[in-house]
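Peer 1:
Residue numbers (the numbering used here), protein chains in the order written: chain E, 1 to 312; chain C, 313 to 624.
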């Protein structure tokens with residue numbers, strides 16, 4: 001799925017759709033690129049796939065070497081209209097923006113351990129992020145990731161299963177505005193990285209999973225065959241190596257060598273809703289959510305009980 | 313498609329989707345029904361099929377016998393959320409509405425005749441309505457209806473076809489707020505109704521047409537077989553009797569006995585966009601728009617050249 005360096009890098013930032021990755025760079029870097037050409041403001045056409053007059057928003061990064069000009073997102077439809085009008089002559093647009101940046105305030109990652117029965121000091125992380133972008137309610141981004149991660153611990157307790165290694169639930173704070181929780185976790189656990197056996201994160205909604213992505217040494221792939229064999233029965237038996245990384249919050253752990261995993265979703269509908277007002281609970285299919293809970297649980301349990309250490 | 317009196321009545325008001333018709337009564341009459349039960353305001357769940365956080369708006373009719381309480385539409389998603397919260401306890405909602413009703417102002421139907429070669433005093437109307445509901449741009453409701461109606465006259469001129477009866481293009485003004493243009497036209501032409509051979513209106517978007525609806529004497533149906541035979545080649549060969557009426561603006565003519573016609577659309581997507589901010593030009597499929605132009609032209613020409621008068 002990711003065949004070149006650019007795609008791998010974009011994938012490493014947590015985005016699983018190549019088309020989206022190719023489009024979202026205009027949102028992230030468009031303002032500075034336009035400013036370098038003399039623009040006094042920039043309106044960015046929505047990068048998502050929806051055609052429902054929804055502004056699709058998200059992070060923008062101002063470059064150091066360009067003026068910081070006002071920037072806003074507009075819907076696909078309004079972008080088309082402006083493009084049409086511009087072909088007929090000058091288009092004048094009045095932009096009223098009222099953004100504010102508040103000082104940082106204390107917040108916290110939320111962590112819960114289900115202690116391992118044999119190697120309690122070795123950790124398999126199951127995770128998502130607590131915060132959401134502001135237009136929608138964050139049902140897909142990333143309440144479902146939090147939900148399926150909590151589900152792992154719940155299932156172990158319900159079924160009376162005692163994994164050999166510790167399974168650690170982490171709800172990272174502040175992914176959207178700078179990956180702060182994920183970075184802080186990796187920093188605080190820096191002396192303890194070798195005890196992080198694996199990290200899993202779900203942060204691309206909760207549609208039908210095809211299997212999982214893996215960032216780590218290719219030599220580790222054969223170790224996952226027994227896990228994939230179990231997941232195959234629910235149509236989630238594929239494993240895809242994605243060396244650049246698999247999800248945003250666990251990215252800092254991946255870079256420190258922790259074998260990293262993420263569900264491989266069918267993302268055809270995800271970018272219709274993500275970072276729009278329409279990211280609401282009704283978009284979550286309960287059956288597919290349950291499929292993801294099962295995938296996360298099987299994957300986490302399989303890793304927690306692996307006989308050998310993973311090559312890293 | 314319309315098997316009972318209720319559905320026929322709703323169809324007569326110009327709505328071609330049974331599910332929509334059944335739902336939209338809550339928007340039209342919900343405020344008064346709630347007021348009779350003591351409500352002080354009403355929020356109506358969107359009647360359209362979209363799940364993209366779009367408020368679906370439209371006409372509301374206050375009954376004479378109930379207090380006129382504030383009323384607003386909310387999205388499907390917000391309706392679901394309020395329903396969920398209400399099951400847990402009292403939900404308090406602050407509603408800020410700023411509607412204004414301005415005095416009536418002069419406006420005009422736009423009419424153009426392509427004179428008939430043999431019976432110029434007999435008229436076949438091709439029509440749509442000029443105005444649109446305010447959230448979207450009215451591409452589907454009803455710019456496409458205007459477009460395909462104008463296309464009829466354009467095609468006749470381009471192809472050098474001279475219909476025997478006059479083909480009259482009518483762009484009705486103010487359909488959305490009380491059907492004023494349609495009513496006025498029928499009123500002004502009251503002495504001339506017998507010269508109105510037929511009336512066609514397109515007012516349900518421009519998706520693939522399956523054929524056409526007909527409101528009039530069932531004995532007239534065999535007269536349309538040659539027309540349907542031509543339309544069959546583009547998959548639009550069906551004719552459906554719909555005695556209550558086929559479209560809003562020509563409804564007053566239908567009631568005076570003018571044989572009335574409307575394209576029979578595949579409306580699966582229409583109510584996702586209609587009366588929402590997403591009713592924009594990109595929703596119009598050029599190929600399907602052309603199919604409707606062809607249907608309107610074939611139907612109008614066939615009627616304008618019919619040998620016999622239609623039973624009425």
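Positions of the beta carbon are idealized from the N, C-alpha and C atoms, including for glycine.
1. Could you tell me whether any Cβ in chain E is nearer than 8 Å to the Cβ of residue 365(C)?
2. Are residue 126(E) and residue 193(E) close, meaning C-beta to C-beta below 8 Å?
3. What residues in the segment 274 to 285 of chain E bring their beta carbon closer than 8 Å to a beta carbon of chain C?
4. Is the CB of residue 362(C) under 8 Å away from at least one CB in chain E?
5. State the CB to CB distance for the pair residue 166(E) and residue 118(E), rounded to an integer number of angstroms; the pair is presumed to be in contact (CB under 8 Å).
6. For the segment 76 to 98 of chain E, which residues have a beta carbon sitting closer than 9 Å to at least one beta carbon of chain C?
7. Helix or strand or just coil, what does DSSP make of residue 409(C)?
8. Using alpha carbons as the reference points, say which of 223(E), 227(E), 235(E) and 250(E) lies closest to residue 187(E).
9. Only counting the same chain, and skipping five residues up and downstream in sequence, which positions put a Cβ closer than 7 Å to that of residue 443(C)?
10. For the putative contact between residue 47(E) and residue 27(E), defined by C-beta atoms under 8 Å, what is the C-beta separation to the nearest angstrom?
11. Once the 5 residues before and after residue 436(C) are set aside, which same chain residues still bring their CB inside 6 Å of it?
12. Along the chain, where does the beta strand (DSSP E) that runs through residue 247(E) open and close?
13. Compute the Euclidean distance between the alpha carbons of residue 339(E) and residue 202(E), then round it to the nearest angstrom.
14. For residue 119(E), which residues does DSSP report across the bridge?
15. Count the other CB atoms within 10 Å of the CB of residue 275(E); is the residue buried (16 or more) or exposed (fewer)?
16. Residue range of the beta strand (DSSP E) that residue 71(E) falls in?
17. Locate the beta strand (DSSP E) running through residue 114(E), then write down its first and last residues.
18. Inspect the CB distances between the segment 206 to 223 of chain E and the segment 153 to 163 of chain E and report whether three or more fall short of 8 Å.
19. Return the residue from the list 263(E), 287(E) and 267(E) that minimises the CA-CA distance to residue 295(E).
20. Helix or strand or just coil, what does DSSP make of residue 564(C)?
21. Could you compute how far the alpha carbon of residue 1(E) sits from the alpha carbon of residue 240(E)?
22. By Cβ distance below 7 Å, which residues in the same chain neighbour residue 70(E) in space, the five residues on each side in sequence not counted?
23. What do you reckon, are the CB atoms on residue 76(E) and residue 45(E) nearer than 8 Å?
24. Could you tell me if residue 403(C) is buried or exposed, where buried requires 16 or more neighbouring beta carbons within 10 angstroms of its beta carbon?
25. For residue 405(C), count neighbouring C-beta atoms within 10 Å of its own C-beta (all shown protein chains included) and say buried if the count is 16 or more, exposed if not.
26. When you compare each of 455(C), 536(C), 362(C) and 375(C) to residue 386(C) by their alpha carbons, which one comes out closest?
27. Return the first residue and the last residue of the alpha helix (DSSP H) that residue 540(C) is part of.
28. For residue 494(C), I'd like the list of residues in its chain whose CB is within less than 6 Å of its CB, leaving aside the five on either flank, ordered along the chain.
29. Could you give the distance in angstroms between the alpha-carbon of residue 65(E) and the alpha-carbon of residue 33(E)?
30. Return no unless some Cβ of chain E is closer than 8 Å to the Cβ of residue 599(C).
31. Report the three-state DSSP secondary structure of residue 621(C) (helix, strand or coil).
32. What does the Cβ neighbour count give for residue 278(E), buried or exposed, with the cut at 16 atoms within 10 Å?
33. Determine, for residue 317(C), whether the minimum Cβ-Cβ distance to residues of chain E falls below 8 Å.
34. Is residue 293(E) near residue 151(E), with beta carbons less than 8 Å apart?
Peer 2: Walking through what the data contain:
1. By one-based count along the second chain, residue 365(C) stands at place 53. Cβ-Cβ to chain E under 8 Å: yes for residue 365(C).
2. In the first chain, residue 126(E) corresponds to position 126, counting from 1. In the first chain, residue 193(E) corresponds to position 193, counting from 1. It is not a contact, given that the beta carbons lie outside the stated cut-off.
3. The residues in question are 276, 277, 278, 280, 281, 282 and 283.
4. Position 50 of the second chain holds residue 362(C). Residue 362(C) counts as touching chain E.
5. In the first chain, counting from the first residue as 1, residue 166(E) sits at position 166. In the first chain, counting from the first residue as 1, residue 118(E) sits at position 118. Contact between residue 166(E) and residue 118(E) does not hold, since their C-beta atoms are separated by about 10 Å, which reaches or exceeds 8 Å.
6. Here the close residues are 76, 77, 78, 80, 81 and 84.
7. Position 97 of the second chain, counting from 1, holds the residue named residue 409(C). The answer is coil: DSSP assigns residue 409(C) none of H, G, I, E or B.
8. Numbered from its first residue, the first chain carries residue 187(E) at position 187. Here the closest residue by C-alpha is 250(E).
9. Mapped onto the second chain, residue 443(C) falls at position 131. The answer, listed in chain order, is 485, 486, 487 and 488.
10. The residue labelled residue 47(E) in the question sits at position 47 within the first chain. The residue labelled residue 27(E) in the question sits at position 27 within the first chain. So it is a contact: roughly 5 Å between Cβ atoms.
11. Start at 1 with the first residue of the second chain, and residue 436(C) comes out as number 124. Listed in chain order, the non-local C-beta contacts of residue 436(C) below 6 Å within the same chain comprise 477, 479, 509, 510, 612, 615 and 616, local neighbours out to five positions each way being set aside.
12. The count along the first chain starts at 1 and reaches residue 247(E) at position 247. Careful: residue 247(E) lies outside any beta strand (DSSP E) and carries neither H nor E.
13. Because residue 339(E) is not part of the residues shown, which for chain E are 1 to 312, the question remains open.
14. What you label residue 119(E) is simply residue 119 of the first chain in a count that begins at 1. Note: residue 119(E) sits in a beta bridge opposite 165(E).
15. Your numbering for residue 275(E) matches position 275 in the first chain. Taking a 10 Å sphere around the C-beta of residue 275(E), we find 16 or more other C-beta atoms and assign the residue as buried.
16. As a first step, residue 71(E) must be located in the first chain, where it is residue number 71. Unbroken beta strand (DSSP E) run through residue 71(E): 71 to 74.
17. Start at 1 with the first residue of the first chain, and residue 114(E) comes out as number 114. Unbroken beta strand (DSSP E) run through residue 114(E): 110 to 114.
18. Flag = no, the segment 206 to 223 of chain E and the segment 153 to 163 of chain E do not touch.
19. As a first step, residue 295(E) must be located in the first chain, where it is residue number 295. Distances from the CA of residue 295(E) to each of 263(E), 287(E) and 267(E) were compared; the closest alpha carbon is that of 263(E).
20. As a first step, residue 564(C) is located in the second chain; it is residue number 252 there, counting from the start. Annotated three-state conformation of residue 564(C) is helix, per DSSP.
21. Here residue 1(E) is taken as the residue at index 1 of the first chain, counted from 1. Here residue 240(E) is taken as the residue at index 240 of the first chain, counted from 1. With a pLDDT of 29 at residue 1(E), under the threshold of 50, the modelled position of this residue cannot be trusted, and the question is left open.
22. Along the first chain, read from residue 1 onward, the residue named residue 70(E) stands at position 70. Closer than 7 Å at Cβ, skipping near neighbours: 41, 95 and 97.
23. In the first chain, counting from the first residue as 1, residue 76(E) sits at position 76. In the first chain, counting from the first residue as 1, residue 45(E) sits at position 45. Cβ atoms of residue 76(E) and residue 45(E): closer than 8 Å.
24. In the second chain, the residue the question calls residue 403(C) occupies position 91. Within a 10 Å sphere around the beta-carbon of residue 403(C) sit fewer than 16 other beta-carbons, which makes this residue exposed.
25. If you number the second chain from 1, residue 405(C) lands on position 93. Classification for residue 405(C): exposed.
26. Counting from one through the second chain, the residue named residue 386(C) turns up at place 74. Nearest of 455(C), 536(C), 362(C) and 375(C) to residue 386(C), Cα basis: 362(C).
27. As a working note, residue 540(C) is residue 228 in the second chain. From DSSP, the alpha helix (DSSP H) with residue 540(C) extends over 537 to 544.
28. Taking the first residue of the second chain as 1, we reach residue 494(C) at position 182. Excluding sequence positions up to five before and after residue 494(C), its CB lies within less than 6 Å of the CB of 484, 561 and 564, all in the same chain and listed in chain order.
29. The sequence position of residue 65(E) within the first chain is 65, counting from 1. The sequence position of residue 33(E) within the first chain is 33, counting from 1. So the two alpha carbons sit approximately 10 Å from each other.
30. On the second chain, position 287 is the one that residue 599(C) refers to. Judged by the 8 Å Cβ criterion, residue 599(C) is not in contact with chain E.
31. Here residue 621(C) is taken as the residue at index 309 of the second chain, counted from 1. Correct three-state label for residue 621(C): coil.
32. Counted from its first residue, the first chain places residue 278(E) at position 278. Around the beta carbon of residue 278(E), a 10 Å sphere encloses 16 or more other beta carbons of the protein chains shown; the residue is thus reported as buried.
33. Here residue 317(C) refers to the residue found at position 5 when the second chain is read from its first residue. Confidence in residue 317(C) is poor, its pLDDT being 37 and thus under 50, which makes the residue's placement unreliable; the coordinate value appears in the next sentence. No, no contact with chain E.
34. Reading the first chain from its first residue, position 293 is the one you call residue 293(E). Reading the first chain from its first residue, position 151 is the one you call residue 151(E). In contact: residue 293(E) and residue 151(E) (Cβ atoms closer than 8 Å).
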